[in-house]
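J.: Residue numbers (this note's numbering): 22 to 194.
Let me begin by handing over the structure; questions about it come next.
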Amino acid sequence: MNKHYDRYLVKHYPILYQGRYKSPKHTCMCWGFECGDGWFNLINSLSFVLEMISRKYHIQIVATQIKEKYGTLRFYYDWYYWWGSHYYRIPDKFWWLCELRGKVFALFLSKSKTRKLSRLITVLIDNAERVSHHICEQCGAWGKTRGTGWLVTLCDKHYKEYQNEHRTISNTD
Ligand SMILES: [Zn+2]
22 MNKHYDRYLV KHYPILYQGR YKSPKHTCMC WGFECGDGWF NLINSLSFVL EMISRKYHIQ
82 IVATQIKEKY GTLRFYYDWY YWWGSHYYRI PDKFWWLCEL RGKVFALFLS KSKTRKLSRL
142 ITVLIDNAER VSHHICEQCG AWGKTRGTGW LVTLCDKHYK EYQNEHRTIS NTD
């Protein structure tokens, strides 16, 4: 993704993209948004909602990797809750364990609220990943996932270009 879009996302969603300039030891977000410009609007709208949820519920949803895989968007994240003086990570599958750790957490998020939030975040991200099946990764126009072996999601115009480039590369072998 181009620098302009990259900076826009990091600037507008500081909670979600707080790992953008951290070292590779800590997060894959240091590599930036590993997909084409065509998905900017999709990522932007998803980011807007996730940042809003973080602020509203006093949690932190933090992107750990965003990339294209098998022609579609992949959005990986961690989430944290505020406890005492620090944010603590909520484990993916065992988020309910957090409640056992301390009473303070229970004051912030009840078990049912945590479950609802967990589902909400999952649904939002799953939907965005599903929608990416229909958006050209290069230009953002209507597209579809296709290809033989290597899958790409492109509009007709960019798919033709992609095929031509692919042919040129094969011919020079
Ligand atoms: Zn296109």
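All residues carry an ideal CB built from backbone N, CA and C; glycine is no exception.
1) Quick one: what does DSSP say residue 159 is sitting in, helix, strand or coil?
2) Provide the residue span of the alpha helix (DSSP H) that contains residue 175, from first to last.
3) Using a strict less-than 5 Å threshold between each residue's beta carbon and the heavy atoms of ligand 1, what residues do you get?
4) Assuming contact is defined by CB atoms lying nearer than 7 Å, are residue 81 and residue 111 in contact in what I supplied?
5) May I ask which residues mark the beginning and end of the alpha helix (DSSP H) holding residue 24?
6) Is the beta carbon of residue 102 sitting closer than 7 Å to the one on residue 85?
7) Determine the closest residue to residue 53 out of 66, 29, 71, 76, with distance taken between C-alpha atoms.
8) Spatial neighbours of residue 173 within its chain, please: C-beta separation below 8 Å, excluding the five flanking residues on both sides.
9) Which residues in the same chain have their Cβ closer than 7 Å to the Cβ of residue 72, if we skip the five residues on either side of it in sequence?
10) Report the option in 136, 58, 143 whose CA atom is closest to the CA atom of residue 96.
11) In terms of alpha-carbon separation, which member of 79, 162, 51, 164 lies closest to residue 87?
12) What is the rounded straight-line gap between the Cα of residue 148 and the Cα of residue 65?
13) On the CB-based measure, 16 or more other CB atoms within 10 Å of its CB, does residue 24 come out buried or exposed?
14) Using CA coordinates, which residue listed in 60, 45, 56 is at the minimum distance from residue 152?
15) With respect to the beta strand (DSSP E) encompassing residue 76, which residues constitute its N-terminal and C-terminal limits?
16) So, with DSSP's three-state summary, where would you put residue 18?
17) Between residue 67 and residue 156, which are expected to be in contact by the criterion C-beta below 8 Å, what is the C-beta distance as a whole number of angstroms?
18) With 16 as the cutoff for other CB atoms within 10 Å, does residue 170 come out buried or exposed?
T.: Result, derived from the coordinates:
1) coil
2) For residue 175, there is no enclosing alpha helix (DSSP H); the enclosing beta strand (DSSP E) covers residues 173 to 175.
3) 157, 159, 160, 162, 176, 179
4) no
5) 24 to 33
6) It is not a contact, given that the beta carbons lie outside the stated cut-off.
7) 29
8) 92, 158, 166, 167, 180, 183
9) 34, 36, 37
10) Of the candidates 136, 58, 143, 143 places its Cα closest to the Cα of residue 96.
11) In this structure, 51 is the residue among 79, 162, 51, 164 with its C-alpha nearest to the C-alpha of residue 87.
12) When rounded, the distance between both Cα atoms is 14 Å.
13) exposed
14) 60
15) Where residue 76 is concerned, there is no enclosing beta strand (DSSP E), although the alpha helix (DSSP H) it sits in stretches over 61 to 78.
16) The question about residue 18 has no answer, for the chain in this structure spans 22 to 194.
17) Not really, about 12 Å apart at Cβ, beyond 8 Å.
18) exposed
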